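What follows is a short report on a single structure.
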Amino acid sequence: MTVRNIFIVDDDTSVRTSLIHLLRVLPDHALREFSSGDAFLAEAANLPSGCLLLDLQMPGTGGLGVLEALAADTARFGTVVLTGEGDVSLAVQAMKLGALDFLEKPCNHLRLFEAIDMVFSQLTQAQRAVTRRAQAIAKINSLSLRERDVLIGLMDGRSNKLIAHDLGISPRTIEIYRAKLMEKLNVRSLSEALGIAFAAGLYPEG
1 MTVRNIFIVD
11 DDTSVRTSLI
21 HLLRVLPDHA
31 LREFSSGDAF
41 LAEAANLPSG
51 CLLLDLQMPG
61 TGGLGVLEAL
71 AADTARFGTV
81 VLTGEGDVSL
91 AVQAMKLGAL
101 DFLEKPCNHL
111 RLFEAIDMVF
121 SQLTQAQRAV
131 TRRAQAIAKI
141 NSLSLRERDV
151 LIGLMDGRSN
161 KLIAHDLGIS
171 PRTIEIYRAK
181 LMEKLNVRSL
191 SEALGIAFAA
201 GLYPEG
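Throughout the sequence shown, residue numbering follows the UniProt record's numbering, covering 1 to 206 in sequence.
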């Protein structure tokens, strides 16, 4: 069973202690606590993927600042923000910055467990998407420049004849390049080839 990592970031020692006592009953979950946003960010680059239980109101870098710093790392960290009474507007800002859910303190235990499960489900999907993109990029990088030109033409909806005209080569040569790129991408249909191209972030110019 894969260990699920939960990071508790809150400047209130009593809140951290309460959450640790509550969450340690969950099997296959590893808990780690941080007393400030700055302490978490100082180690974030070396931490494994996991669920972040994040207080919004902290000295130094608050919850919103942490979310801004993690903006490019949503495939590694999924965040549930913990708010005090009356902090709903801040929670909405946090959701706009990528938080997946917010709970008011003291947290309802069932809602907290549900939010954590949702975060790990979202992380699994995000990590699969990252893997698919990396695999697609590797396949696209295996193509020659000319094969890539042909693929871009196909993405643009152009026929073999039009692509041949644009590239200054014969339609028969386009057919050869097309067959080669399909083989390298390990696909049988144009739709599969286009799916890989779009997953890799390859787009026609203009």
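For every residue, glycine included, the Cβ atom is placed at its ideal position computed from N, Cα and C. As the structure is a computational prediction, the values presented were derived from the model and not from experiment.
Secondary structure of I140 (DSSP, three-state): helix.
A Cβ-Cβ distance of about 5 Å is found for the pair L52 and F7, placing them in contact under the 8 Å criterion.
For a cut-off of 8 Å, the C-beta gap from Q57 to G84 is around 6 Å, short enough to register as a contact.
Within the same chain, and ignoring the five residues on either side of D38 in sequence, the residues whose Cβ sits closer than 8 Å to its Cβ are G60 and T61. Contact between the segment 135 to 151 and the segment 195 to 205 is present: three or more C-beta pairs spanning the two stretches fall below 8 Å. Rounded to the nearest whole angstrom, the CA to CA distance from S191 to I169 is 24 Å. With 16 or more neighbouring CB atoms inside 10 Å of its own CB, D55 falls in the buried class. D12 sits in coil when the DSSP states are folded into three classes, being neither helix nor strand.
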